[in-house]
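Shown next, in structure tokens, is the structure this report addresses.
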Amino acid sequence: MSKLSDFCKDGFVIQEVAGIQELIKDCLDSLTRIASLGISEKFETFEELGMLLERQFNRDNEVYTGILKAFANTPYVQRFATLPGIVELARSLGILEPSLVTPPILHCVKDELILNREKVFTPAHQDVVSTKGTVGQLVFWVPLHSILQDNFGIQAWPGSHLKGQRPSTYSPFGHTVSSEEIPKSDPEYLNMKKGEVLVFSQYLIHQTFKHGTFRLAISFRFNDALDQQWADRKFFNAFQRVENNEQYADLRNVPPKDCNLYFESLNHNSR
Ligand SMILES: O=C(O)CCC(=O)C(=O)O
Numbered sequence: 173m174s175k176l177s178d179f180c181k182d183g184f185v186i187q188e189v190a191g192i193q194e195l196i197k198d199c200l201d202s203l204t205r206i207a208s209l210g211i212s213e214k215f216e217t218f219e220e221l222g223m224l225l226e227r228q229f230n231r232d233n234e235v236y237t238g239i240l241k242a243f244a245n246t247p248y249v250q251r252f253a254t255l256p257g258i259v260e261l262a263r264s265l266g267i268l269e270p271s272l273v274t275p276p277i278l279h280c281v282k283d284e285l286i287l288n289r290e291k292v293f294t295p296a297h298q299d300v301v302s303t304k305g306t307v308g309q310l311v312f313w314v315p316l317h318s319i320l321q322d323n324f325g326i327q328a329w330p331g332s333h334l335k336g337q338r339p340s341t342y343s344p345f346g347h348t349v350s351s352e353e354i355p356k357s358d359p360e361y362l363n364m365k366k367g368e369v370l371v372f373s374q375y376l377i378h379q380t381f382k383h384g385t386f387r388l389a390i391s392f393r394f395n396d397a398l399d400q401q402w403a404d405r406k407f408f409n410a411f412q413r414v415e416n417n418e419q420y421a422d423l424r425n426v427p428p429k430d431c432n433l434y435f436e437s438l439n440h441n442s443r
């Protein structure tokens with residue numbers, strides 16, 4: 173069977189994409205630099221990176237959250253959505269003109285690092301509820317390491333996309349498929365090797381597997397900008413960028429000083 177027919181039948185495919193392995197390495201190096209605040213501590217293993225994040229989390233969990241946000245906004249993480257192999261894969265699965273719903277998002281899961289379990293461990297849900305995307309909207313989910321057997325992977329109900337959007341109810345995560353609409357069969361745990369990408373329909377019912385050690389993954393979604401229905405819906409996107417102009421009574425509000433010194437030293441280093 174072709175990838176496309178697998179996708180139509182199951183609602184997802186898992187595929188290796190050229191360039192992902194190299195990008196993952198760049199990402200982990202970048203996260204290590206940011207999490208160690210530029211101090212070039214050497215971290216040999218993925219577990220050590222987890223411990224470094226834990227150290228920052230225990231020091232100040234706002235700084236920890238800031239580290240993850242700063243990392244998510246690096247060109248390395250953002251580049252996932254622009255890899256030629258990813259764009260080609262999106263096209264091969266029906267998206268004629270891929271248009272990002274949001275920039276790539278980071279998902280970091282480790283028991284010691286969780287601020288809000290309800291948000292991290294997603295219940296059975298369909299992404300269409302929050303994204304309201306074009307009918308063919310694709311969700312890409314890329315782990316930064318192997319996710320074999322039981323490391324906080326994704327569980328899904330193959331074929332559950334075929335019934336379209338099911339009624340859902342409120343959950344602390346935001347929404348969950350109503351219990352009577354969740355297929356009776358056990359969900360499938362999606363084993364993935366490093367370098368593989370999971371692509372699924374926004375209608376696929378899926379959830380986070382709740383056991384594991386430490387997992388990092390990136391997700392992003394493509395609408396199809398050539399979808400006529402979307403044009404009729406005025407290219408509606410449920411996600412919006414917002415500005416935070418809140419006044420903080422702490423260091424966040426202190427603007428950086430000494431810019432002349434900064435440029436002097438930058439210039440000096442260029443010589
Ligand atoms: O990373 C996860 O565990 C959840 C991802 C997910 O369900 C989603 O992006 O829709």
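If you're matching positions, the sequence shown starts at 173 in my numbering and goes up one per residue. We put the beta carbon where it would ideally sit given N, CA and C, even for glycine. Being a predicted model, the structure only gives us computed values, none of them experimental.
Length of the line joining the Cα atoms of residue i and residue j
i    : j    : result
N363 : V311 : 17 Å
T274 : A389 : 15 Å
G367 : Q309 : 22 Å
R227 : W402 : 45 Å
G384 : Q321 : 9 Å
T204 : F435 : 26 Å
R443 : N432 : 17 Å
R338 : K406 : 24 Å
P256 : T246 : 19 Å
D358 : E418 : 45 Å
R393 : I258 : 11 Å
N409 : T303 : 7 Å
S350 : Y361 : 21 Å
W285 : F229 : In the sequence as presented, Trp is not what sits at residue 285; that position holds Leu. When rounded, the distance between both Cα atoms is 7 Å.
T217 : K335 : 43 Å
A190 : E352 : 40 Å
V231 : D422 : The sequence shown places Arg at residue 231, rather than the Val named in the question. If you take the alpha carbons of R231 and D422, they lie about 17 Å apart.
D299 : C180 : 17 Å
Y248 : D404 : 35 Å
K524 : S202 : Nothing in the structure corresponds to residue 524, since the chain is present only between 173 and 443.
N425 : N439 : 28 Å
H333 : Q400 : 21 Å
G210 : P427 : 21 Å
E188 : Y342 : 35 Å
Y420 : G346 : 28 Å
Residue j beta carbon less than 8 Å from that of residue i
i    : j    : result
N323 : R387 : yes
G183 : P295 : no
H235 : V314 : Going by the sequence as given, residue 235 is Val instead of His. No, these two residues do not count as a Cβ contact at 8 Å.
V292 : S340 : no
L224 : S208 : yes
Q374 : G305 : yes
V371 : V185 : yes
L176 : R251 : no
K365 : S318 : yes
L287 : N233 : yes
P355 : E290 : no
beta-carbon residue i near ligand 2 non-hydrogen atom, thresh 7 Å
i    : result
D322 : In the structure on display, ligand 2 does not appear, and the ligands it does have are ligand 1.
DSSP bridge partner residues for residue i (one or two, in chain order)
i    : result
W313 : L370, S391
M364 : I319
H378 : H297, A328
I277 : S391
I186 : L370
D396 : P270
V349 : S340
For residue i, the nearest candidate out of the options (CA to CA)
i    : options                : result
T348 : I354, H297, F392       : H297
S391 : G325, G346, K382       : G325
L316 : R443, Q187, K197, N439 : K197
L261 : S174, A410, D404, K382 : S174
L398 : Y342, P428, P270       : P270
T254 : L285, N230, I192, K365 : I192
L221 : T303, Q412, G210, L200 : L200
K382 : D283, A421, F179, Q412 : D283
I206 : C180, F179, A244, G346 : A244
S264 : F218, L334, N416, D178 : D178
Q412 : L272, E188, V189       : L272
V307 : E188, Y342, D430, N395 : N395
So, does the region 377-385 touch the region 325-341, judging by three or more C-beta pairs under 8 Å?
Contact between the region 377-385 and the region 325-341 is present: three or more C-beta pairs spanning the two stretches fall below 8 Å.
Three Cβ pairs or more, each shorter than 8 Å: is that satisfied between the region 233-248 and the region 277-289?
yes
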